[in-house]
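Residue numbers (our numbering): 3 to 485. Think of the CB as a built atom: it goes at the ideal place given N, C-alpha and C, for glycine as much as any other residue. Inspection log for the structure reproduced underneath, given as structure tokens.
Structure representation (structure tokens):
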């Protein structure tokens, strides 16, 4: 195999969708697996809808995911420019080449005329594609159109007598029957290229060996094959990835929740977890281990292992993976990542170093699926007991006959200690058990409710030392007043 060269080619007209992120990941992994080159090309020929904000968002999302490219936007390389908007003159030149070789022709039909003829063809049950009436215009006809100020588009002349076969790495052999596509526009009247034309010209110029993209582009492939052949080039190999569908089987959209990479980032998903989850869509790890890093994925991955079936958006699996990475993370790093969420929630973080915040994070991470969960889970460390005490905790304390005795004994234990260390909690529990005769859940649940204001929350053995003697004692005494 010659040097593998693949590209990810987003349009800067919006955010980076997770479907696009998966396509980028597959291209990256394939390049790494085969020692090839991963290229980032920006398809911004739609100058009206393309924005710098979208471009910057896409770049930031790719970098956040860890998908570094070898050539392309911001980096340059030997086959630039890597922004299509900087290559319009080349597309015009290539269109002229096809006009000279007879593979293309000028079409003077107006949009309204095309629409009217399309509707009529559909009404009569005929093909709705272009009817080829400009294929063989006389010089006089061309002069007449020019005199009326009509600016022509350039259409590609689709052969009438052949079907097109694509041996797709993922989908197998796909045959496109003769007549399935009609003569299509490659250069608009304003001299800007269409998606199909710019796509192929740049793949040729950048020496792309494998085109890896979403299944929704499969129907575009016969046009691209014909264009490659018109330039005397062998088409690259194609691999069309299954789409990501929602749990209801519909194409993933906003109604299924977050779809942009930056939305997942802002919600508190970790890049390594999101990449891991994207990698699992259509890929089964040989060893059955579903938790793996990018480099491990690249070592095991190849295009021929991908399934044809649609990938289903499974948020529960993503939450599980993210929680797994959260629990594996070094405490101080986890504290650093939680800090922005806690600050935005209005918690006073001024007294907490990253190390101190890391200890809090460790006590709550068992109940976290995403970083933003830290706001609710860490509330016992930052709010007053009056704000914390939930209705079910209050009812439990009032209904449980042993609550007052346990909390009274716990308060006494606190008063008798200078401070509370992590190792003291077990000893305190044993002492209360000896004093009250209460043990197990009936002993620890009233303490949890009084200290954290809830029946479920941080690990109690960690929370009590972190809250400290004074805060715990104040809360217990206040709860005893409320009972």
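Give me the Cβ distance between residue 97 and residue 189, rounded to the nearest whole Å; I'm assuming they're in contact under 8 Å. Your numbering for residue 97 matches position 95 in the chain shown. Your numbering for residue 189 matches position 187 in the chain shown. Their Cβ separation, rounded to whole angstroms, is 4 Å, which keeps residue 97 and residue 189 in contact under 8 Å.
Using DSSP with H/G/I as helix, E/B as strand and the rest coil, what is residue 315? In the chain shown, residue 315 corresponds to position 313, counting from 1. Of the three classes helix, strand and coil, the one that applies to residue 315 here is coil, per DSSP.
Residue 50, buried or exposed, once every other Cβ within 10 Å from all chains shown has been counted against 16: Numbered from its first residue, the chain shown carries residue 50 at position 48. With fewer than 16 other Cβ atoms within 10 Å, it is exposed.
Quick check on residue 24: buried or exposed, where buried means 16 or more other Cβ atoms within 10 Å of its Cβ? Translated into positions along the chain shown, residue 24 becomes position 22. The residue is buried, with at least 16 neighbouring Cβ atoms inside 10 Å.
Residue 187: first and last residue of the uninterrupted beta strand (DSSP E) it sits in: As a working note, residue 187 is residue 185 in the chain shown. Looking at the DSSP string, the run of the beta strand (DSSP E) that includes residue 187 is 186-189.
How about residue 322 and residue 371: do their beta carbons lie closer than 9 Å? On the chain shown, residue 322 is found 320 positions in, with the first residue counted as 1. On the chain shown, residue 371 is found 369 positions in, with the first residue counted as 1. Yes; because the gap between Cβ atoms is below 9 Å, this pair is in contact.
For residue 202, which three-state DSSP category applies? Here residue 202 is taken as the residue at index 200 of the chain shown, counted from 1. Correct three-state label for residue 202: helix.
Assumed close pair residue 58, residue 12 - CB separation to whole angstroms, cut-off 8 Å: To locate residue 58, count along the chain shown from 1; it is residue 56. To locate residue 12, count along the chain shown from 1; it is residue 10. Residue 58 to residue 12, Cβ: 12 Å. No contact.
From which residue to which residue does the beta strand (DSSP E) around residue 157 run? Working through the chain shown from its first residue, we reach residue 157 at position 155. First-last of the beta strand (DSSP E) with residue 157: 155-158.
State the DSSP-derived secondary structure class of residue 10, mapped to helix, strand or coil. In the chain shown, counting from the first residue as 1, residue 10 sits at position 8. Residue state, collapsed to three classes: strand.
With a cut-off of 8 Å on the beta carbons, I'd call residue 254 and residue 21 a contact; round off their distance for me. In the chain shown, counting from the first residue as 1, residue 254 sits at position 252. In the chain shown, counting from the first residue as 1, residue 21 sits at position 19. Going by Cβ atoms, the distance from residue 254 to residue 21 rounds to 7 Å, so yes, they are a contact pair.
Let's see if you can read the secondary structure: which residues bound the alpha helix (DSSP H) around residue 93? By one-based count along the chain shown, residue 93 stands at place 91. Here the alpha helix (DSSP H) through residue 93 covers 90-103.
Note down the Cα distance separating residue 317 from residue 69, rounded to an integer number of angstroms. To locate residue 317, count along the chain shown from 1; it is residue 315. To locate residue 69, count along the chain shown from 1; it is residue 67. Rounded to the nearest angstrom, the two C-alpha atoms are 22 Å apart.
So residue 198 and residue 225 are in contact, right, with Cβ under 8 Å, and what is the actual spacing, rounded? Counting from 1 along the chain shown, the entry for residue 198 is found at position 196. Counting from 1 along the chain shown, the entry for residue 225 is found at position 223. Rounded, the Cβ-Cβ distance is 5 Å, consistent with contact.
Kindly confirm or deny that the stretch 348-368 and the stretch 455-472 touch, where touching means at least three C-beta pairs closer than 8 Å. yes
From residue 262 to residue 405, what distance separates their C-alpha atoms? If you number the chain shown from 1, residue 262 lands on position 260. If you number the chain shown from 1, residue 405 lands on position 403. Their backbone Cα atoms lie some 48 Å apart in a straight line.
Bounding residues of the beta strand (DSSP E) (the contiguous stretch that carries residue 239): Mapped onto the chain shown, residue 239 falls at position 237. Where residue 239 is concerned, the enclosing beta strand (DSSP E) stretches over 239-243.
Selected residue, minimal CA-CA separation from residue 56, among 81, 175, 82, 18: Position 54 of the chain shown, counted from the start, is the residue given in the question as residue 56. Comparing Cα positions, the closest option is 18.
Look at the alpha carbon of residue 350 and the alpha carbon of residue 384, and state the distance between them as a whole number of angstroms. Stepping through the chain shown from its first residue, residue 350 is reached at position 348. Stepping through the chain shown from its first residue, residue 384 is reached at position 382. Computed Cα separation, rounded: 7 Å.
Let me confirm a value: residue 148 is counted as buried when at least 16 other C-beta atoms fall within 10 Å, else exposed. Which label applies? As a working mapping, residue 148 is identified with position 146 in the chain shown. Residue 148 should be labelled exposed.
Does DSSP classify residue 81 as helix, strand or coil? Translated into positions along the chain shown, residue 81 becomes position 79. Of the three classes helix, strand and coil, the one that applies to residue 81 here is coil, per DSSP.
Since residue 170 contacts residue 240 with CB under 8 Å, what's their CB separation in whole angstroms? By one-based count along the chain shown, residue 170 stands at place 168. By one-based count along the chain shown, residue 240 stands at place 238. Contact holds; Cβ gap of about 5 Å.
What are the residues that DSSP puts in a beta bridge with residue 426? Counted from its first residue, the chain shown places residue 426 at position 424. Answer is none; residue 426 lacks a bridge partner.
From the DSSP secondary-structure annotation, give me the bridge partner or partners of residue 192. Here residue 192 corresponds to residue number 190 of the chain shown, with the count starting at 1. For residue 192, which the question treats as bridged, DSSP gives no partner whatsoever.
DSSP three-state assignment for residue 177, whether helix, strand or coil: Residue 177 sits at position 175 when you count from the first residue of the chain shown. Residue 177: strand per DSSP, three-state reduction.
Roughly how many whole angstroms lie between the Cα atoms of residue 285 and residue 485? Position 283 of the chain shown, counting from 1, holds the residue named residue 285. Position 483 of the chain shown, counting from 1, holds the residue named residue 485. Approximately 56 Å between the Cα atoms of the pair.
Can you grab the Cα-Cα spacing for the pair residue 200 / residue 47, in whole Å? What you label residue 200 is simply residue 198 of the chain shown in a count that begins at 1. What you label residue 47 is simply residue 45 of the chain shown in a count that begins at 1. Rounded to whole angstroms, residue 200 to residue 47 spans 8 Å at the Cα level.
Residue ranges of each alpha helix (DSSP H) within the stretch 101-153, 4 or longer: 113-125, 141-149
Please classify residue 262: does DSSP put it in a helix, a strand, or coil? By 1-based counting over the chain shown, the position of residue 262 is 260. Residue state, collapsed to three classes: strand.
I need the boundaries of the beta strand (DSSP E) containing residue 51, first residue and last residue. For the purposes of this step, residue 51 is taken as residue 49 along the chain shown, with counting starting at 1. Taken as a continuous stretch (DSSP letters only), residue 51 belongs to no beta strand (DSSP E), as it is neither H nor E.
Cβ contact (3+ pairs, closer than 8 Å) linking the stretch 471-481 and the stretch 440-455: yes
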